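Protein chains: 2
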Amino acid sequence: MDLFAERGFEATTVAEIAERAGLTKRTFFRYFGDKREVLFAGSEDLRAKFVEAIAAAPADAAPLDAVARGLDAMADLFAEIGDAPRKRQAIIAANPDLQERELVKLVGFAAAGAAALRDRGVAEPAASLAAEAGIAVLRVGFEQWVSGPEGRDIHELLRNSLAELKAVAA
Amino acid sequence: MDLFAERGFEATTVAEIAERAGLTKRTFFRYFGDKREVLFAGSEDLRAKFVEAIAAAPADAAPLDAVARGLDAMADLFAEIGDAPRKRQAIIAANPDLQERELVKLVGFAAAGAAALRDRGVAEPAASLAAEAGIAVLRVGFEQWVSGPEGRDIHELLRNSLAELKAVAA
DNA sequence: GCCGTGATGTCACTGTGTGCCATCAGCGTA
DNA sequence: TACGCTGATGGCACACAGTGACATCACGGC
């Protein structure tokens with residue numbers, strides 16, 4: 005993160021990252037599948053929170069409301085770790101390769117969320133659509149959070165975004 | 005496309021593609037920003053159809069209905085060129101790097117669709133959400149089309165997918 | 001003291017992607 | 001015809017990502 009902030013992602017070589025971390029290039033690639041992955045190592049936690057919250061939603065909750073619980077759980081995590089996500093997002097915003105990887109992660113969230121919904125008895129394609137819609141809400145709300153003024157509550161932004169989606173789809 | 009179908013994307017080098025096309029590696033990279041891009045060259049047309057149809061929707065159409073027009077226009081193009089998209093999708097499905105690039109293209113569609121909606125007077129974040137939701141519908145419907153039996157009508161799949169989204173968001 | 005086992009280092013190598021310069025065809029102009 | 005300009009291409013050389021193969025080393029069990 006330090007190196008990326010100093011020189012940018014592209015201008016930082018894996019050898020330099022490895023040296024800073026006290027290991028070799030080869031060992032770096034044993035821990036991370038590729039150079040980008042080092043910035044997304046924490047995303048499994050996020051996905052886990054998301055699916056757990058969906059699974060834990062009341063049995064009679066509608067699919068999209070279960071997804072809303074998942075989004076709320078993600079927001080908890082964001083709020084918890086302060087503005088680290090914002091710094092990280094600035095690095096990602098400056099590099100197309102990283103944006104690609106982020107999209108992959110988000111689609112992975114959608115797939116995991118859809119699976120969690122199916123476990124709740126939601127049929128396809130409703131499960132996938134509810135999960136994809138939830139990720140759309142996340143994208144839009146998160147974008148407002150990182151690009152807007154500091155201190156705004158990410159929970160509220162996501163809730164508003166979801167309400168807006170419901171209004172649009174009505 | 006021939007080379008990718010024979011040996012797979014990864015096992016095909018840019019030098020081989022260039023040779024087959026009668027030019028050099030260097031020239032290939034002047035036409036395509038990277039190796040993956042050669043598979044996505046036609047996507048600008050698709051995006052253009054999408055935004056044109058949104059712009060051409062009746063002035064009183066709801067945002068999501070304007071997006072539905074856009075999806076219909078894309079379906080026209082898919083149906084027109086037969087099963088080439090299915091072959092292409094098989095290549096993409098076999099390679100994570102290509103999937104990443106496809107997501108980027110889809111998100112680009114969403115952004116272009118959102119801009120078209122804003123031109124129609126739709127405010128944010130409704131415009132982005134409607135466009136993102138439309139792309140979710142496209143992903144789910146297209147996935148059914150390529151993975152399901154041959155001969156199904158992509159228009160119908162997309163319409164059903166959209167109806168399902170509306171039901172889920174109700 | 002010996003033997004796995006897992007983590008790490010070292011080395012060589014392929015392939016992507018880029019910068020730099022040479023070449024060449026076409027085209028307008030004197 | 002000769003000249004110079006321009007745009008497209010080829011031909012290098014290179015940095016860097018990522019991988020396979022092998023060596024090394026620390027460790028714990030026996």
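Taken in order, these protein sequences are the chains called A and B.
Heads up: the first sequence is residues 5 to 174, going by the numbering used here.
Heads up: the second sequence is residues 5 to 174, going by the numbering used here.
Using N, Cα and C, we set each Cβ at its ideal position, and we do this for glycine too.
Keep in mind the model is a prediction, meaning the values are calculated, not measured.
Residue 85 of chain A carries a coil assignment under DSSP once its states are collapsed to helix, strand and coil. Annotated as proximal: residue 144 of chain A and residue 133 of chain B, with beta-carbon spacing under 7 Å.
Among the residues of chain B, none has a CB under 8 Å from the CB of residue 56 of chain A; the nearest is roughly 21 Å distant. Between the beta-carbon of residue 172 of chain B and that of residue 68 of chain A there is about 6 Å, and that keeps the pair under the 8 Å contact cut.
At a cut-off of 7 Å, the C-beta of residue 166 of chain A has no neighbouring C-beta in chain B. The beta carbon of residue 8 of chain B sits closer than 7 Å to the beta carbons of 16, 95 from its chain, once the five residues preceding and following it are set aside; these are given in chain order. If you draw a straight line from the Cα of residue 125 of chain A to the Cα of residue 135 of chain A, it comes to about 14 Å.
Against chain B, the beta carbon of residue 173 of chain A has neighbours under 7 Å at 68, 137, 169, 170, 173, listed in chain order. With a threshold of 7 Å between beta carbons, residue 89 of chain B makes no contact with chain A. Cα atoms of residue 31 of chain B and residue 25 of chain B: separation of roughly 11 Å, rounded to the nearest angstrom.
Here the alpha carbons of residue 65 of chain B and residue 151 of chain A stand approximately 30 Å from one another.
When Cβ pairs closer than 8 Å are counted between the two stretches, the segment 106-121 of chain B is seen not to touch the segment 82-92 of chain A, the count staying below three. Within the segment 113-130 of chain B, the residues whose Cβ lies closer than 7 Å to any Cβ of chain A are, in chain order, 129, 130. Shortest Cα-Cα distance from residue 130 of chain B to any of A/131, A/141, A/121, A/123 involves A/141. Taking each of A/77, A/58, A/156, A/43 in turn and checking the Cα distance to residue 102 of chain A, the smallest one comes out for A/43.
Interface residue (Cβ-Cβ distance to chain A less than 7 Å): residue 132 of chain B is classified as such. Annotation: the segment 50-101 of chain B contains the following complete segments of the alpha helix (DSSP H) (minimum length 4 residues), in chain order: 67-84, 88-97. Rounded to whole angstroms, the separation of the alpha carbons of residue 56 of chain A and residue 75 of chain A is 11 Å.
Residue 126 of chain A carries a coil assignment under DSSP once its states are collapsed to helix, strand and coil.
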